[in-house]
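Engineer: Residue numbers (my numbering), protein chains in the order written: chain A, 460 to 914; chain B, 4 to 282. Note that CB positions come from ideal geometry on N, CA and C, so glycine has one too.
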Amino acid sequence: MVDDKQAPSPMDRVWNFFTSVKLAIITLIVLATASIIGTIVEQNLPVEKYHQIYEDWAFALMDKLSLFDMYHSWWFLLLLVLFTVNLACCTIDRLPRVLKVVRNPRTRLDEGLEKSLSLADRWKKKGTVDEWATRYADALSSVFAKPRITRGPEESEEVHLYAEKGVISRFGVYVTHLSIIIIFVGAIVGNVAGFKGYVNIPEGGEITKVPVRGGSRMQDLGFALRCNSFRLETYPSGQPKAYVSDLSVINDGHEVLRKTIVVNDPLRYKGIWFYQSSYGEAGGTTALVAVTRPDGAPVRMLSLAPGEPVRIAGYGAIRGVDYSGDYEGKGPALKVVVEKPGKPETGFWIFSTPGADAARKDSLVFTFGGLNAKMFTGLQVAMDPGVNIVWLGCALMVLGIIIAFFMSHQRVWLKIARGKDGRVEVVLAGSASRNRLAFEKKFERIQTGVKAVEP
Amino acid sequence: MSNVILFNLTTVLFGVASALYLGALYAKNEKIARFGTWTCMFAAAVSTAALGLRWYESYQMGIGRIPVTNLYESLVFFAWAVNLFYLVIERKYASRSFGAFVMPIAFFTMLFAIKNDSTIQPLVPALQSYWLHAHVITCFVGYAAFAVSAGVAAMYLLKARQEEAKISQGVVGLLPPCKTLDDLVYRAIIWGFPFLTAGIITGAAWANYAWGTYWSWDPKETWSLIVWLVYAAFLHARITRGWHGKRAAILSIVGFLATIMCYLGVNLVLSGLHSYGGG
Ligand code: HEM
Numbered sequence: 460m461v462d463d464k465q466a467p468s469p470m471d472r473v474w475n476f477f478t479s480v481k482l483a484i485i486t487l488i489v490l491a492t493a494s495i496i497g498t499i500v501e502q503n504l505p506v507e508k509y510h511q512i513y514e515d516w517a518f519a520l521m522d523k524l525s526l527f528d529m530y531h532s533w534w535f536l537l538l539l540v541l542f543t544v545n546l547a548c549c550t551i552d553r554l555p556r557v558l559k560v561v562r563n564p565r566t567r568l569d570e571g572l573e574k575s576l577s578l579a580d581r582w583k584k585k586g587t588v589d590e591w592a593t594r595y596a597d598a599l600s601s602v603f604a605k606p607r608i609t610r611g612p613e614e615s616e617e618v619h620l621y622a623e624k625g626v627i628s629r630f631g632v633y634v635t636h637l638s639i640i641i642i643f644v645g646a647i648v649g650n651v652a653g654f655k656g657y658v659n660i661p662e663g664g665e666i667t668k669v670p671v672r673g674g675s676r677m678q679d680l681g682f683a684l685r686c687n688s689f690r691l692e693t694y695p696s697g698q699p700k701a702y703v704s705d706l707s708v709i710n711d712g713h714e715v716l717r718k719t720i721v722v723n724d725p726l727r728y729k730g731i732w733f734y735q736s737s738y739g740e741a742g743g744t745t746a747l748v749a750v751t752r753p754d755g756a757p758v759r760m761l762s763l764a765p766g767e768p769v770r771i772a773g774y775g776a777i778r779g780v781d782y783s784g785d786y787e788g789k790g791p792a793l794k795v796v797v798e799k800p801g802k803p804e805t806g807f808w809i810f811s812t813p814g815a816d817a818a819r820k821d822s823l824v825f826t827f828g829g830l831n832a833k834m835f836t837g838l839q840v841a842m843d844p845g846v847n848i849v850w851l852g853c854a855l856m857v858l859g860i861i862i863a864f865f866m867s868h869q870r871v872w873l874k875i876a877r878g879k880d881g882r883v884e885v886v887l888a889g890s891a892s893r894n895r896l897a898f899e900k901k902f903e904r905i906q907t908g909v910k911a912v913e914p
Numbered sequence: 004m005s006n007v008i009l010f011n012l013t014t015v016l017f018g019v020a021s022a023l024y025l026g027a028l029y030a031k032n033e034k035i036a037r038f039g040t041w042t043c044m045f046a047a048a049v050s051t052a053a054l055g056l057r058w059y060e061s062y063q064m065g066i067g068r069i070p071v072t073n074l075y076e077s078l079v080f081f082a083w084a085v086n087l088f089y090l091v092i093e094r095k096y097a098s099r100s101f102g103a104f105v106m107p108i109a110f111f112t113m114l115f116a117i118k119n120d121s122t123i124q125p126l127v128p129a130l131q132s133y134w135l136h137a138h139v140i141t142c143f144v145g146y147a148a149f150a151v152s153a154g155v156a157a158m159y160l161l162k163a164r165q166e167e168a169k170i171s172q173g174v175v176g177l178l179p180p181c182k183t184l185d186d187l188v189y190r191a192i193i194w195g196f197p198f199l200t201a202g203i204i205t206g207a208a209w210a211n212y213a214w215g216t217y218w219s220w221d222p223k224e225t226w227s228l229i230v231w232l233v234y235a236a237f238l239h240a241r242i243t244r245g246w247h248g249k250r251a252a253i254l255s256i257v258g259f260l261a262t263i264m265c266y267l268g269v270n271l272v273l274s275g276l277h278s279y280g281g282g
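1. Which two residues bound the contiguous beta strand (DSSP E) that contains P670 (chain A)?
2. Using the rule of at least 16 other Cβ atoms within 10 Å of the residue's Cβ for burial, across every protein chain shown, is P70 (chain B) buried or exposed?
3. At a Cβ threshold of 8 Å, is M460 (chain A) touching chain B?
4. Checking 8 Å against the spacing of the C-beta atoms, do L706 (chain A) and F733 (chain A) come in under that value?
5. When every heavy atom of the ligand HEM is checked, does at least one fall within less than 7 Å of the C-beta of L549 (chain A)?
6. Smallest Cα separation from V7 (chain B): which of B:M44, B:Y133, B:T51?
7. When you compare the CB of N650 (chain A) with every CB in chain B, is at least one pair closer than 8 Å?
8. Would you identify the three-state DSSP class for P791 (chain A), choosing helix, strand or coil?
9. Taking 8 Å as the CB-CB limit, is A201 (chain B) close to chain A?
10. Skipping 5 residues on each side, what residues in its chain have a beta carbon closer than 8 Å to that of L538 (chain A)?
11. From the DSSP output, which residues share a beta bridge with R607 (chain A)?
12. What does S736 (chain A) touch in chain B if you count any residue whose Cβ is under 8 Å from its own?
13. What residues from chain B crowd round L487 (chain A), counting only those whose CB sits closer than 9 Å?
14. Is it the case that the Cβ atoms of A191 (chain B) and V155 (chain B) are separated by a distance below 8 Å?
15. Which bits of chain C does Y217 (chain B) rub up against, with CB to CB less than 7 Å?
16. Under 8 Å, do S227 (chain B) and I203 (chain B) count as touching if we go by C-beta distance?
17. Among the residues of its own chain, which have a CB less than 6 Å from the CB of M470 (chain A), if the five just before and after it don't count?
18. Quick one, which residues of the stretch 724 to 735 of chain A are near chain B if we go by CB-CB under 9 Å, in chain order?
19. Looking at the secondary structure, which residues open and close the beta strand (DSSP E) in which W808 (chain A) lies?
20. Helix, strand or coil for I848 (chain A)? Go by DSSP, reduced to three states.
21. DSSP three-state call for S737 (chain A): helix, strand or coil?
22. Output yes if chain B places a C-beta closer than 8 Å to the C-beta of K655 (chain A); else output no.
23. With three or more C-beta pairs closer than 8 Å as the rule, is the stretch 844 to 857 of chain A touching the stretch 531 to 550 of chain A?
24. Find the residues of chain A that neighbour V127 (chain B), judging by a C-beta separation of less than 9 Å, and give them in chain order.
25. Taking CB distances under 8 Å as the criterion, tell me whether A244 (chain B) reaches chain A.
26. What residue from B:G102, B:I108, B:A147 has the CA that sits closest to P197 (chain B)'s CA?
27. Sorted by chain position, which residues of the same chain lie with C-beta nearer than 6 Å to G281 (chain B)'s C-beta, five sequence neighbours on each side aside?
28. Would you mind reading off the limits of the alpha helix (DSSP H) that contains D515 (chain A)?
29. Taking beta-carbon pairs under 7 Å, can you tell me which members of the stretch 485 to 511 of chain A lie near chain B?
30. On the DSSP bridge list, what partners appear for W732 (chain A)?
31. If you check the beta carbons only, do K668 (chain A) and G743 (chain A) fall under 8 Å apart?
32. What residues from chain A crowd round L228 (chain B), counting only those whose CB sits closer than 7 Å?
33. Consider the C-beta atom of R553 (chain A) and the heavy atoms of the ligand HEM; say whether any pair is separated by less than 7 Å.
34. Closer than 6 Å by C-beta to L254 (chain B): which residues in its own chain qualify, once you throw out the five before and the five after it? Chain order, please.
35. Would you mind telling me which residues of chain B sit closer than 7 Å to F864 (chain A), beta carbon to beta carbon, in chain order?
36. Counting only C-beta atoms, is A547 (chain A) closer than 8 Å to chain B at any point?
If you want it as structure tokens, here you go:
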């Protein structure tokens, strides 16, 4: 640390710079101001847009300052680094001192300490110092906390009692500061080891790769994702109620997971998350076909694109080949062709009357569910191995702030000594690291409790 | 809808309470202020009932959802929280003079609220999440605490001017001493700060669950961070550099202006992903 007398060395100056809270406050304000700019200048628009909004010279200047992708610019990242270094240095600078104070508290109420405490009381008693020390120690245990007892100095007859509560409140600040660094670490891990992407899958379609956002790279998933169907549900008023995608994960040719996702309820497989994000018409129509067992137990819904076969495990492949709005007076119908391994193809019409197809006496029963415009579902795809580190940091931050703000390190000293007149002199004093008003009341209670002790 | 009638009544009550508190200061009459307290308590009961009723009515309409999902509802919830905070402070500090500075905030918020669409609308898919509850409630409790802090900071600035001039009569003479005000500016912020922190975190958790990104520098997110940074600067200035009094009061007011920008300005001025306002 800096010696008051000598001029600080360059090293000390650098250290003082990085451990100063003034720097922290300035950095916080600069970060806030920069962030404001980033909300006024719209970020990451196509270049043409910026040319429409700004004059050429302004565009050139702003481009040079990276104002169009400000939060990822070198100078914004540098600010964050400065902030982090400042925070780390501050902690390294102060934590050992706090640890020292916590490990070796001032257990003796000497005169200097007594003068510095605003809450103090003194009185006199008859008897011996040791007797009173034992009584007061018991009293303090019952009204506040169990005290530590120190005797001496040798030549004097003196006993010091020291009791404390809420020591951990001293660490709230450090938990909070550490949590910020943990969150940054989590963010970095996510950026380095994870990826974000977006993909459209038409109904019935399958993907195994996802284009990565902000780059030309394709991320291989290591499995396939199929969109079985997409559906838009609306409220009676016509407002959208739910975007629903029926997805299947296919690994080595087998369906290993199937889930219907909506906004706010993603699908997760092998650490990769798929979020319902968008939708649209994929062009063309599909026919919906409900597949059931002869006893009526549902197997699955199929969405058949014209002429494209869909496989049903353990059965065969089915494809739609023709449609009629009213087939032989029996209503809308779909002509399908079924292909079973080792058997000739068979074609037949299916209708929307449930169970009508059971007359065919096959192992599966098909019911026509109508025609649909073929849709695609748009999915955000994310893998972020750092996200749990971020949540850990967030939890610690809330915990740290609560400890720092709402807990208080409360200390009470009692000095019992032989006075010049032969009587026992008692001094009671206390302090709290925060919320002094509340502690004043508590101190009054301690005072009353201790003074009430009789031989 | 009956909940809206109750909210309109709440608005009137907040207005009456503000007038009573201001009148009490002006006439230096504690009795008038006591009527103010009763009015606030009545308003608390009415607005709580109105929130509950609105919730219930949404279920009756078959779209059951928490009543904090659009601009109208969030403003009403904010005013509700400010009123409750105020009542707690009035009790704790045993002074009714805060009311003249805090209750008008609740009143004007309600006036602004009733100019907005008050019908119960179903939730769009993006808002259908349990995170919505945790996120909105924590944020608005935080905002309410900051509003109280800024109101008291305004009182402080008035009182400090007068103390400098060594006058102790007039309306301002009735305000609590500067030391109490200064303490309260700080105390309200240390309640608001953890709530705002929790609000930002629950927002991030929600974004992660809905879109797969917990932070995307969207203007609303960014402004909540700005507010958070301003109050973090306030706390450090106070704890480690001894910023008290005037400078702290001004910083509290700046923080609240940033809060208003985050809450309303982003939607009215900038574009964002959030559902309030604009439209
Ligand atoms: C936005 C980020 C930050 C947050 C949320 C934060 C949070 C806190 C909190 C909650 C406290 C306790 C305040 C109290 O006891 O009332 C505190 C104290 C403190 N912070 Fe920070 N902090 C941040 C950034 C920094 C930085 C960058 C520094 C670097 C110098 C720093 C240095 C300190 C110091 C020295 C204290 C006082 C510790 C003491 O009581 O002795 N903080 N901070």
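Structural biologist: So, from the listed chains and residues:
1. 665 to 670
2. In the assembly as shown, P70 (chain B) is a buried residue. Its beta-carbon has 16 or more other beta-carbons within 10 Å.
3. For M460 (chain A), the predicted model reports a pLDDT of 45, less than 50, meaning its position is unreliable and no value from the coordinates is stated.
4. yes
5. Looking at the sequence itself, residue 549 (chain A) is Cys, so the reference to Leu does not match. Yes, Cβ of C549 (chain A) sits closer than 7 Å to a heavy atom of the ligand HEM.
6. B:T51
7. no
8. coil
9. yes
10. Sequence-distant Cβ neighbours of L538 (chain A) in its own chain, meaning closer than 8 Å and more than five residues away, are T486, V489, L490, A493.
11. A:Y621
12. W214
13. L232, V233, A235, A236, H239
14. yes
15. Of the protein chains in this structure, namely A and B, none is chain C.
16. yes
17. none
18. Correct list: D724, P725, W732, F733, Y734, Q735.
19. 805 to 810
20. helix
21. strand
22. yes
23. As far as the Cβ criterion goes, the stretch 531 to 550 of chain A does not touch the stretch 844 to 857 of chain A, which means the pair count is below three.
24. Neighbours of V127 (chain B) on chain A, chain order: Q698, P699, K700, V722.
25. Looking at the sequence itself, residue 244 (chain B) is Arg, so the reference to Ala does not match. True, the Cβ-Cβ gap to chain A drops below 8 Å.
26. B:A147
27. Unreliable placement is indicated for G281 (chain B), whose pLDDT of 35 sits below 50; the coordinate value is still reported in the next sentence. Taken in chain order, the residues that qualify are N270.
28. 515 to 523
29. L487, I488, L490, A491, S494, I495, G497, T498, Q502
30. A:R727, A:A841
31. no
32. S494
33. yes
34. F237
35. I193, P197
36. no
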